[in-house]
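Undergrad: Residue numbers (our numbering): 21 to 328. Dumping the structure here so I can ask a few things about it.
Written out as C-alpha cells, the structure is:
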C-alpha cells in the first residue's frame, strides 16, 4: 500500500525531484505539495491543509534560502524559516500526526570551520554567520525539542551545496551553466562573470540529495541530525572549467565586482559517516554528469528563448 507524503515547498528545486522519486518508488505513493497560495506563516491554513492531506510523512522544505535576501530582511527570513517551522510542528500536533517529519536545515549552520576541523561532523558546534543560517539553527533546535517533549517523530538533515537541472540562477553553478548555454546557443562571447571562484565547496547532485531525504525518512533515528553531502570538496573554478569542457568552449573567467566577495571559508566539506551508517545512503551521481545534465537543461531553455 502506498504512502502519503506532504512536502512543504514541494514545487521548488528539490521538491520536484522528490516528487519523481516518491511517485516512482512504490505503486500508490501520493505526493502532496501545498500550492504557492498556502503561506506557511498562516498557521490556520497550514493546519487545515495538513488535516486534509492526512500524510504518513512530512518533508519540510519551504524556506527563504537565499542568503543575500536574508541579510536584507532578517525578520522576514525568521518569520518563514523559524515561525513557519513552528507552524508545521503545531499543525502536526493538532492533527494527531503519527508519522515522521524530516526537517531540512543547511550545512551553512556550522559557520566558519577551520581547515583542521574538516570534514565537518554533526557534533561540531553551530556558529552561524548570516541570518539564514541563524534561522535554520533556531528551527532545528525547535524540531529537536519537539522530538523530545511533544511526541513528534522528527529527523533533521543538514544538506551542503546541492546542484542540478532546474535550480534557480540566483545560485552560482546554475548561473554559470546558464551563461555557458548562452555562449553556445546565442553566440555570446565565452566570457563568464563570476565572484570568488577559488573557494572550495561540497557539491552533491540534487537527485542524490532527494534520495538521502527518503533514506532518512525510512531509516534515520528520531531526534538525530545528519549531514547530507558528498564528503569531498571542489573549487568553483574546477566546475566552471568542467562546464567549458563539456560545452567544448574556451571559457574565460572575469571577476564581477558585484558578485565578488572574498570567501572567508576557503574550503569546506562534510563528513558522511553517520548517514551512511544509519541508512546506507551514499551519493552515486558523478559531478560531471550533474554538470552535463545542468548544462543540457539550460541549453534547452536558451535555445527555446533564442527561437521564440
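Idealized CB from N, CA, C, for every residue including glycine.
When the Cα of residue 35 is compared with those of 21, 55 and 23, which residue comes out closest?
TA: 55
Undergrad: So, with DSSP's three-state summary, where would you put residue 234?
TA: helix
Undergrad: Considering only the beta carbon of each residue, do residue 314 and residue 194 sit closer than 8 Å?
TA: Taking 8 Å as the cut-off, the beta carbon of residue 314 is found closer than this to the beta carbon of residue 194.
Undergrad: If you pair each beta-carbon of the region 140-155 with each one of the region 181-188, do three or more pairs fall below 8 Å?
TA: no
Undergrad: Between residue 154 and the ligand PLP, is there a pair consisting of the residue's CB and a ligand heavy atom that are separated by less than 7 Å?
TA: The ligand PLP is not part of the structure shown, which contains no ligands of any sort.
Undergrad: According to DSSP, residue 248 sits in a beta bridge with which residue or residues?
TA: 179
Undergrad: Rounded to whole angstroms, what is the Cα-Cα separation between residue 181 and residue 249?
TA: 8 Å
Undergrad: What beta strand (DSSP E) runs, 3 residues minimum, are completely inside the region 73-112?
TA: 77-80
Undergrad: Is residue 80 buried or exposed, if buried means 16 or more other CB atoms sit within 10 Å of its CB?
TA: Burial call: buried.
Undergrad: Have a look at residue 71 and residue 114 and give me their C-alpha separation to the nearest angstrom.
TA: 9 Å
Undergrad: With 16 other CB atoms within 10 Å as the buried threshold, where does residue 48 fall?
TA: exposed
Undergrad: Out of 230, 306 and 216, which one is the CA nearest neighbour of residue 255?
TA: 216
Undergrad: Could you check which residue in 317, 161, 286 and 292 has the C-alpha nearest to that of residue 136?
TA: 286
Undergrad: From this set, 38, 107 and 51, which residue's C-alpha is nearest residue 234's C-alpha?
TA: 38
Undergrad: Relative to the alpha-carbon of residue 272, which residue among 284, 258 and 278 has its alpha-carbon at the smallest distance?
TA: 258
Undergrad: Where do the N-terminal and C-terminal ends of the alpha helix (DSSP H) with residue 123 fall, by residue?
TA: No alpha helix (DSSP H) holds residue 123; the beta strand (DSSP E) holding it covers 120-124.
Undergrad: Quickly, what does DSSP pair residue 28 with across the bridge? List them, please.
TA: 80
Undergrad: Just verifying my parser: in three-state terms, what is the DSSP assignment at residue 157?
TA: helix
Undergrad: Assuming residue 236 and residue 177 make a contact with CB atoms under 8 Å, what is their CB distance in whole Å?
TA: 6 Å
Undergrad: Taking only three categories from DSSP, how would you classify residue 225?
TA: strand
Undergrad: Please report the residue range of the alpha helix (DSSP H) in which residue 200 lies.
TA: That run of the alpha helix (DSSP H) goes 192-205.
Undergrad: Assign residue 155 to one of two classes, buried (16 or more other C-beta atoms within 10 Å of its C-beta) or exposed (fewer than that).
TA: buried
Undergrad: Can you round the beta-carbon distance between residue 19 and residue 101 to whole angstroms, since I take them to be within the 8 Å contact cut?
TA: Here the chain comprises residues numbered 21 to 328, so residue 19 is not present and cannot be evaluated.
Undergrad: Could you tell me the alpha carbon to alpha carbon distance between residue 311 and residue 66, rounded to whole angstroms?
TA: Straight-line Cα distance between these residues: approximately 37 Å.
Undergrad: Between which two residues does the beta strand (DSSP E) harbouring residue 289 extend?
TA: That residue, residue 289, is in no beta strand (DSSP E); it is neither H nor E in DSSP.
Undergrad: In terms of residue numbering, what span does the beta strand (DSSP E) encompassing residue 172 cover?
TA: Looking at the DSSP string, residue 172 is not in any beta strand (DSSP E), and its letter there is neither H nor E.
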